[in-house]
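Numbering-wise (numbering that gives the first Met the number 0), the sequence shown opens with residue 0 and increments by one.
Think of the CB as a built atom: it goes at the ideal place given N, C-alpha and C, for glycine as much as any other residue.
Everything numeric in this text was worked out from a predicted model, so none of it was measured.
For reference, the structure discussed in these notes is given below.
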Amino acid sequence: MPTTKEDLIDMLCDYLMIIDDAETLETSWVRSFQPYNISLTIRQLQASLRMNQPMPTECFNMGVRLLAYNENKRLTSANVMVSKHYMDLRFSTTYESALKPQSEKLNVQELAKSLETWPYMKYDASRCRFVRIFLYDYCEPLFEILIPIIVQLLMPWKRGGLNLFVFDREEKTLTVLDPTPIPDWCKDMPYKRYVHRIINVSKSYRRAMGVDVFAWKHILPSGIPVIEDRDLNAFILLQYMSAWNNEKIMPISTDGQRLRKEIVINLLTYDGNSWQCMISLSVREYLSRITGIRQ
């Protein structure tokens, strides 16, 4: 009986989950050095596969890098200009760590580095129409001083969930994509949930650019699937980051098992993985059969 691609993916992911040697689990199988170093261990890949666990931040950031790399590759081959600038959570985690007790003073230069353009993409982020930005739920941002360095806008919040904000400078729209359930206190007007952060965005942007984002058209798209499982937030928003197309909501998967397996396979087969040789030969053989490309 022929083995299907789905069967191969299931078998490979099952194999990854039974690895239990402590030293082996700390082996890095995925590593990328540009624009900064990210290294993913087998343990982190397991965490991405494990139901009822959120995606590790490093896996999420590598997933964003993968999206940027693939989009650049696709558009360059078609001789089409890159119009989207992807941001990961490096800014958010750097800022969050500075808020902890006894932490060092906020390193503005380090934050600025986290907002640089992707080194392999031939574009100027300041000329991009869309800027894809992930926000943690948090309060009281402190980054007005960064706005002149950043070309657009990134404001971190952290309170358990992730949102995707899309700033369209040409159409002057601010779109909020949030798959989490609407709290009871704002079900009559979901927009109230985001007013505080949009006001802060407006203050920062106006101070830096002389433009009032609060005066822009604010959009909460309909048709966003509500995901009760917050552990899937990162997986869902990575899809939206890729699928969002000029305010059109493209179909996405909400199958948690499928999404987890898909991101792990994509990470293991990422062209920009500098440590592909560290992946065991048996796993690389499975990946070759899954993708049809020799790994």
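query: Inter-stretch contact at 8 angstroms, needing at least 3 Cβ pairs: the segment 65-75 / the segment 273-281; result: no
query: Exposure label - Val225; buried when at least 16 CB within 10 Å; result: exposed
query: Cβ-based neighbour list, Thr75, same chain, cut-off 6 angstroms, excluding 5 preceding and 5 following; result: none
query: Where Leu24 falls: helix, strand or coil (DSSP); result: helix
query: Buried or exposed (CB count within 10 angstroms, at least 16 for buried), Met188; result: exposed
query: Chain-order list of residues whose beta-carbon lies under 6 angstroms from that of Met249 (same chain, five-residue window excluded); result: Ala242
query: Ile223 beta carbon less than 8 angstroms from that of Pro182; result: no
query: Tyr216 - containing beta strand (DSSP E), residue span; result: Rather than Tyr, the amino acid found at residue 216 in this sequence is Lys. Lys216 to Ile218 is the span of the beta strand (DSSP E), which, as asked, contains Lys216.
query: Inter-residue spacing [alpha-carbon to alpha-carbon] between Glu284 and Gln294; result: 7 angstroms
query: Residues that DSSP places opposite Ser38 in a beta bridge; result: Arg30
query: Arg259, buried or exposed, once every other Cβ within 10 Å from all chains shown has been counted against 16; result: buried
query: Burial state of Tyr119, where buried means 16 or more other Cβ atoms lie within 10 Å; result: exposed
query: Every unbroken alpha helix (DSSP H) inside the segment 50-87 [4 residues or more]; result: 56-76
query: 7 angstroms Cβ shell around Lys72 - same chain, five flanking residues per side excluded; result: none
query: Thr14, buried or exposed, once every other Cβ within 10 Å from all chains shown has been counted against 16; result: First, the amino acid is wrong: residue 14 is Tyr here, not Thr. So Tyr14 counts as exposed.
query: Residue nearest to Ile18 in terms of C-alpha spacing, selected from Ile8, Asp9, Gln45 and Arg30; result: Gln45
query: Beta carbon proximity, Leu231 to chain B, threshold 8 angstroms; result: The structure shown contains no chain B; it is built from a single protein chain.
query: Where the alpha helix (DSSP H) containing Lys186 begins and where it ends; result: Here Lys186 belongs to no alpha helix (DSSP H), and DSSP marks it neither H nor E.
query: Neighbourhood of Ile264 by C-beta, 7 angstroms cutoff - its chain only, sequence neighbours within 5 removed; result: Ile8 and Ile289
query: C-beta atoms of Ile37 and Glu57 nearer than 8 angstroms; result: yes
query: For Met86, the nearest candidate out of Leu236, Cys276, Gln256 and Leu286 (CA to CA); result: Leu236
query: Runs of alpha helix (DSSP H) lying entirely within the segment 238-269, each at least 4 residues, in chain order; result: 255-267
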